[in-house]
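Participant: Got a structure here, written out as structure tokens. Questions coming.
What follows is the structure in structure tokens.
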């Protein structure tokens, strides 16, 4: 039998490896930014065109590369970060595998310009699909510039699987945030299609968070500081009253590397236990510093998962540190009823040394100096003599008799009569055909048996078709607010709201102004409570960011789905008999009552025959 196992060519192996490292344009952004940080840069620029599909360029002022290093950097498993296997447990750099540039070069057109500080001129390399087409001398500033053009040009199937520009740009911005938050000591700038989206100067950690998420974020932050032999924790958590419905502002950094950990996230959730509303998530921006020997980063190609030696200890320390900060800043309630909060020492003044207070003395004050006495003012008002108290009751008897006579002359109906459309009450048959089960399902009787309706999904379908009709056919009625409602959003959320502003106005929203970080609303759709407006808009922004658009995707459809999901009655809400019947009637007046807007079943039916079989 002939041999069937063969060694794959290098270009095929590179494309397979690229599939693990480079999943979308955001993956390229992450790898290039981390390389720039490892090069010791303190100023990094990221330039994006067409959500990274046309161009991803990273320019840094790091130490640059020599001619040999520039060429060798695009070989697989070529790296300057480690020398031996033992170095994997002493990592102080972002990269260590030596696969990123080789993977990127296998599926894109790459241009590399680099120059070291000691050199007069730099080098430029042009690579297409792992093949170096040219290498030449070029005049360039100290540092490195990497341009990745036409991503997946030689793998059209992968390019077709990319999402819309809005979704891909959102992923790029997320990666940019993760790297920028981990390194406040480096200046970052992001340019999208020629316009500046972010310009983050060198600052402390708090200012970096505020520069990214908006000035309103400053009042939401609670500092967290804890130093132990095992773990050092620093950063901020958000106040419970500013908790969001989404998990967008949750960042863990271990040794300045962004990670995802459901286990550590549970530690934060348990620290906020009892302080958050149901369905909301606290924000946090926490840096964890541990010994590199106690962690293993080499688990996942994206390096966002880390294996800890002792997760239980980290869990306990993290939970305690967050609870301590919430209590220290009077965020969490205390049970000391005799405590006067006015006498508490502010947290920021805890370690401040006391100083002698300054006393100011007025040396020109003379206590024996005579004061000029002012003459008493003479008033022309003449007090009229008041009558004696007996005069108040003179003639009261005669008045009382007169009022009694008037009162006796008034006549009233002997019985209260209420009109009725039926002469006999027995003609009205009061029957209810719906019943609520566990405040979740509505059970209704039908000729063939019974029907069980999911109240949340059914109401979603009803609201969805109403909103879609308002968006596409007619303008909805709006109820004006007595006072304008001001809502604060991050700059990138404001961009999304501006895109959907026209559609939102068709549903009944009235915007008086939309500024950089503030939205002012003077009218809302009829039936939408004022307290739900911020939740609706937050959910809408989240849906737009995370939506996977199809070919038939439309903003109106997404908006109707998002608002229906936010406003639909929730599981556990008790409904009156008339509300149950109204919901059932509205559901079966819909065009597609069988499924919710997300294509999930709204009701099931069970015939009498099926019920009979249960009792066999």
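Residue numbers (my numbering): 104 to 719. Each residue gets a CB set at the ideal place from its N, CA and C atoms; glycine is no exception.
1. Distance, Cα to Cα, residue 212 vs residue 398?
2. Using C-beta distances below 6 Å, list every residue in its chain close to residue 168, excluding the 5 sequence neighbours before and after it, in chain order.
3. Given this structure, state the Cα-to-Cα distance separating residue 425 from residue 552, to the nearest angstrom.
4. What is the DSSP secondary structure of residue 238, counted as helix, strand or coil?
5. Between the C-alpha atoms of residue 637 and residue 423, what's the straight-line distance to the nearest angstrom?
6. The alpha helix (DSSP H) spanning residue 275 covers which residue range?
7. Across the region 281-301 and the region 240-250, are there enough close Cβ pairs to call them in contact, namely three or more that are closer than 8 Å?
8. Can you round the beta-carbon distance between residue 385 and residue 340 to whole angstroms, since I take them to be within the 8 Å contact cut?
9. Name the one or two DSSP bridge partners that residue 618 has.
10. For residue 672, name the three-state secondary structure that DSSP assigns.
11. Counting C-beta neighbours from all protein chains within 10 Å, is the total for residue 562 16 or more, i.e. buried, or is it exposed?
12. Determine the extent of the alpha helix (DSSP H) in which residue 425 is found, giving its start and end residues.
13. How many Å lie between residue 257 and residue 292 at the Cα?
14. Is it the case that the region 613-622 contacts the region 666-676, given that we only count it when at least three CB pairs across the two stretches are under 8 Å?
15. Applying the criterion that 16 or more other CB atoms from any shown protein chain within 10 Å of the CB defines a buried residue, is residue 369 buried or exposed?
16. First and last residue of the alpha helix (DSSP H) that includes residue 763?
17. To the nearest angstrom, report how far apart residue 250 and residue 131 are at their CA atoms.
18. Please name the residue in 322, 354, 357 whose C-alpha comes closest to that of residue 432.
19. Hey, out of 303, 546, 178, whose CA is closest to residue 146's CA?
20. Distance check for residue 392 and residue 699, CA to CA, integer angstroms please.
21. Between which two residues does the alpha helix (DSSP H) holding residue 683 run?
22. Report all residues from its chain with a CB closer than 7 Å to the CB of residue 714; omit the five preceding and five following residues, and keep chain order.
23. Please report the residue range of the alpha helix (DSSP H) in which residue 365 lies.
24. From residue 413 to residue 141, what does the alpha carbon distance come to, in whole angstroms?
25. Taking the continuous beta strand (DSSP E) assigned at residue 208, which residues delimit it?
26. Answer with yes or no whether the minimum CB distance from residue 574 to chain D is below 8 Å.
27. So which of 554, 205, 456 has the shortest CA-CA distance to residue 707?
28. Rounded to a whole number of angstroms, what is the C-alpha to C-alpha distance between residue 271 and residue 127?
Facilitator: Inspection of the coordinates gives the following:
1. 36 Å
2. 217
3. 55 Å
4. strand
5. 31 Å
6. 268-285
7. no
8. 6 Å
9. Answer by DSSP bridge pairing: none, since residue 618 is not bridged.
10. coil
11. buried
12. 414-431
13. 30 Å
14. no
15. exposed
16. Summary: the structure shown does not reach residue 763, with the chain confined to residues 104 through 719, and so no result is reported for it.
17. 10 Å
18. 322
19. 303
20. 46 Å
21. 680-690
22. 552
23. 365-374
24. 28 Å
25. Note, residue 208: premise wrong, no beta strand (DSSP E); alpha helix (DSSP H) at 203-209.
26. Here there is only one protein chain, and chain D is not present.
27. 554
28. 8 Å
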